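J.: Note that the numbering used here numbers the sequence shown so that position 82 is 168, with each residue one more than the last.
Ideal placement from N, C-alpha and C gives every residue a C-beta, glycine not left out.
Model, not experiment: these values are computed from the prediction.
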Amino acid sequence: MSIKLLEDIIGKQVKGYRGPSWSITNESKWAWYVLAEIGLLYDSSIFPVKNYLYGMPDSPRFIYKPIYGTEFYEVPASTLKILHRNIGFSGGFFLRILPYELIKLGIMRLNNIGQPAIIYIHPREIDVHQPRLKLNIRDSFVHYYGINSSKEKLENLLNEFTFLSIESYYFAHLT
């Protein structure tokens with residue numbers, strides 16, 4: 087099993103899962119039961135927005151238990167509610183396209199209501215020298231736009247805010 091291989095490599099228990107492309111949707115909520123059954127404590131595969139690639143806009147915006155009667159949690163990507171819509175701001179494409187001050191404001195807004203901001207970044211998003219795929223205009227924009235500023239934004243976030251892992255948050259606030 088891949089979890090065992092990862093645990094052998096890192097020398098620690100794997101406790102959470104993040105599906106590719108926010109792949110848990112209304113049609114695949116069964117995956118939560120599988121993840122809980124194999125002993126994982128949390129999932130972070132929900133993005134409570136809707137776009138052409140992914141999303142569950144009606145799912146909760148903050149950490150919740152998707153399976154009644156368990157200690158298994160869903161840790162959705164952070165969003166802000168703007169004009170009755172959830173808008174992403176804290177990672178990936180949003181981290182690359184939005185001005186730093188808006189990202190900072192989003193984090194502060196969540197923190198002010200007692201919620202953590204979930205920040206995520208793909209390693210390729212700070213590699214300005216990565217090989218470029220031949221993509222159509224839309225996909226090229228989504229994949230590469232703002233890549234030159236990602237590393238600086240991430241460094242600024244790390245300098246201005248205190249961060250902890252989902253695992254640390256889980257054990258400090260949820261159990």
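State whether the segment 160-171 contacts the segment 129-137, with contact taken as three or more CB pairs (one from each stretch) at a distance under 8 Å.
T.: Judged by Cβ distances under 8 Å, the segment 160-171 makes contact with the segment 129-137, as three or more pairs qualify.
J.: Measuring CB atoms only, is the segment 180-192 touching the segment 141-151, in the sense that at least three cross pairs come out at less than 8 Å?
T.: As far as the Cβ criterion goes, the segment 180-192 does not touch the segment 141-151, which means the pair count is below three.
J.: How would you call R182, buried or exposed, if buried means at least 16 neighbouring beta carbons within 10 angstroms?
T.: The residue in question, R182, is buried, as its Cβ has 16 or more Cβ neighbours within 10 Å.
J.: Would you say the beta carbon of V228 is closer than 7 Å to some non-hydrogen atom of the ligand MG?
T.: Among the components modelled here there is no ligand, and therefore nothing to report on the ligand MG.
J.: I believe Y128 touches Y256 by the beta-carbon criterion, under 8 Å. Please report the beta-carbon distance rounded to the nearest angstrom.
T.: Contact holds; Cβ gap of about 6 Å.
J.: Since G141 and W108 should fall inside the 8 Å C-beta cutoff, what is the C-beta to C-beta distance between them, to a whole number of angstroms?
T.: The pair is a contact, with the Cβ atoms about 7 Å apart (cut-off 8 Å).
J.: From G97 to I89, what distance separates their C-alpha atoms?
T.: Straight-line Cα distance between these residues: approximately 11 Å.
J.: Considering only residues of the same chain and omitting the five flanking positions on each side of A203, which have a CB-CB separation below 6 Å?
T.: The answer, listed in chain order, is S164, S176, I193, L196.
J.: I need the boundaries of the beta strand (DSSP E) containing K101, first residue and last residue.
T.: No beta strand (DSSP E) holds K101; DSSP gives it neither H nor E.
J.: Figure out for me which residue from L243, L169, A122, N172 has the closest Cα to the Cα of G155.
T.: For the residues L243, L169, A122, N172, the minimum Cα distance to G155 belongs to A122.
J.: Check each candidate in Y231, S251, N245 and name the one with the smallest Cα separation from D213.
T.: Of the listed residues, the one whose Cα sits closest to D213 is Y231.
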